[in-house]
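*Asks:*
In the numbering used here, the protein residues as written are 4 to 225.
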């Protein structure tokens, strides 16, 4: 059972993470509103004798309106669930909440990527490994494996490709398409790398090392 102070820290971290989510949703809503406002404004400000819109344009406007309504409702839902108490939360507390959420499995790809951006490899790789081992949330992610790995803090595209290669995952592979055995191998690789110092180099694929070892055992002149 958590102590009172530990429970408060946990709740504060979860609240901070919820606000991050609301901010991301609000940004997407604002971007769509900007486009919709521009298109509607162009129609309203048209001084031609006859104003026209194609059927496909009306469908597009309706689709944007639906997306905006959905996003706005999600923002309202997140904010409505927040505790009505003063909030004093640190970045490590928010990161810990993101780690726990990712480890449990986040089916929504955007939310999963948001959590990843708050985590270092030491924090996030282990959490992602837990999610791969304990849930099927990744099957709903159309993103490439390397793109998800590159979302973690301090992980660039080159390192993400190296991590994927260690697990035998092709650069073009998408999470939703991974075979079960490859998911297991990726989870194993992530656990190993999570405990490695950040500055430690990543070794090449194991089959390359094996080939080198075999060559070294050949007799001279053979």
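Note that beta-carbon positions come from the ideal geometry of N, C-alpha and C, so glycine has one too.
Assess, as a yes-or-no matter, whether the segment 101 to 114 is touched by the segment 73 to 80 under the definition of 3 or more beta carbon pairs within less than 8 Å.
*Replies:* no
*Asks:* Residue range of the alpha helix (DSSP H) that residue 128 falls in?
*Replies:* On the chain shown, residue 128 is found 125 positions in, with the first residue counted as 1. Run containing residue 128: 124 to 137, per the alpha helix (DSSP H) assignment.
*Asks:* List the endpoints of the continuous alpha helix (DSSP H) containing residue 83.
*Replies:* Residue 83 sits at position 80 when you count from the first residue of the chain shown. 58 to 83 is the extent of the alpha helix (DSSP H) around residue 83.
*Asks:* Can you tell me whether residue 126 is buried or exposed? The criterion is at least 16 other CB atoms within 10 Å of its CB, across all chains shown.
*Replies:* Indexing the chain shown from 1 puts residue 126 at position 123. Burial is judged here by how many other beta carbons sit within 10 angstroms of a residue's own beta carbon; residue 126 has at least 16 and is buried.
*Asks:* Would DSSP call residue 199 helix, strand or coil?
*Replies:* One-based indexing of the chain shown puts residue 199 at position 196. Coil, per DSSP.
*Asks:* Report the rounded CA-to-CA distance for residue 190 versus residue 89, giving the unit in angstroms.
*Replies:* Taking the first residue of the chain shown as 1, we reach residue 190 at position 187. Taking the first residue of the chain shown as 1, we reach residue 89 at position 86. Distance between the alpha carbons of residue 190 and residue 89 is about 38 Å.
*Asks:* Can residue 16 and residue 96 be called in contact, C-beta distance under 8 Å?
*Replies:* Counting from 1 along the chain shown, the entry for residue 16 is found at position 13. Counting from 1 along the chain shown, the entry for residue 96 is found at position 93. Taking 8 Å as the Cβ cut-off, residue 16 and residue 96 qualify as a contacting pair.
*Asks:* In whole angstroms, what is the alpha-carbon distance linking residue 194 and residue 137?
*Replies:* Here residue 194 refers to the residue found at position 191 of the chain shown. Here residue 137 refers to the residue found at position 134 of the chain shown. Rounded to the nearest angstrom, the two C-alpha atoms are 14 Å apart.
*Asks:* Please report the distance separating the alpha-carbon of residue 61 from that of residue 148.
*Replies:* Translated into positions along the chain shown, residue 61 becomes position 58. Translated into positions along the chain shown, residue 148 becomes position 145. Residue 61 and residue 148 have their alpha carbons spaced roughly 36 Å apart.
*Asks:* Kindly list the residues whose CB is nearer than 7 Å to the CB of residue 188, restricted to its own chain and excluding five residues on each side of it in sequence; keep chain order.
*Replies:* Position 185 of the chain shown, counted from the first residue, corresponds to residue 188. Only 170 and 171 meet the Cβ criterion.
*Asks:* Thinking C-alpha only, which one of 143, 117 and 186 is nearest residue 28?
*Replies:* One-based indexing of the chain shown puts residue 28 at position 25. For the residues 143, 117 and 186, the minimum Cα distance to residue 28 belongs to 117.
*Asks:* Please classify residue 55 as buried or exposed, where buried requires at least 16 neighbouring CB atoms within 10 angstroms.
*Replies:* The residue you call residue 55 lines up with position 52 of the chain shown. Residue 55 comes out exposed.
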